[in-house]
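In terms of UniProt numbering, the sequence shown opens at residue 1 and continues consecutively. C-beta atoms are modelled at their ideal positions from N, C-alpha and C, and glycine is treated no differently. Fair warning: this is a prediction, and the values are worked out from it, not measured in the lab. Have a look at the structure below before the remarks.
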Amino acid sequence: MNQNISGQPVILEAVGDSYTTFNQVSISTGLPTVQGWIVHEWLWRGGYDQPAARQQEVETVYKSSKLDEVKSILDKYQIKYIFVGDKEYEKYGQIDVHKFEKLNAKVIFQSGKTRIFQL
């Protein structure tokens, strides 16, 4: 990704526990994500409220069928890339990837079930 994009666009990926294989895109690229490892964020921010709220919003984007709700969160965090892969399916179950296309996101990478959408 770092070779194909410029700047520091915000990415969306599944939220998981510390020292797991979650958040690997942000970890390996250095790009900002809405919510990193939940316990790390909780400890660094001195409380659980903000990380918990962000974790819920990330889940909403992946699970909600309400396009206005999803768009509101995408806009709030100025998300430019949405990742849908093994970790997202593991965490959130079935994901309707077509909703992202309805929000004018374009598939810029696909391999099997893994997709990267650009907004």
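Per DSSP, the beta bridge partners of Phe-83 are Ile-116. Per DSSP, Lys-99 is one residue of the alpha helix (DSSP H) stretching across 98–102. Counted as a single uninterrupted DSSP element, the stretch harbouring Lys-106 is not any alpha helix (DSSP H) but the beta strand (DSSP E) occupying residues 106–111. If you check the CB distance, Val-25 and Ile-79 do not come in under 8 Å. Ranked by how close their Cα comes to the Cα of Lys-76, the residues Tyr-89, Ser-111, Val-34 and Phe-117 have Val-34 in first place.
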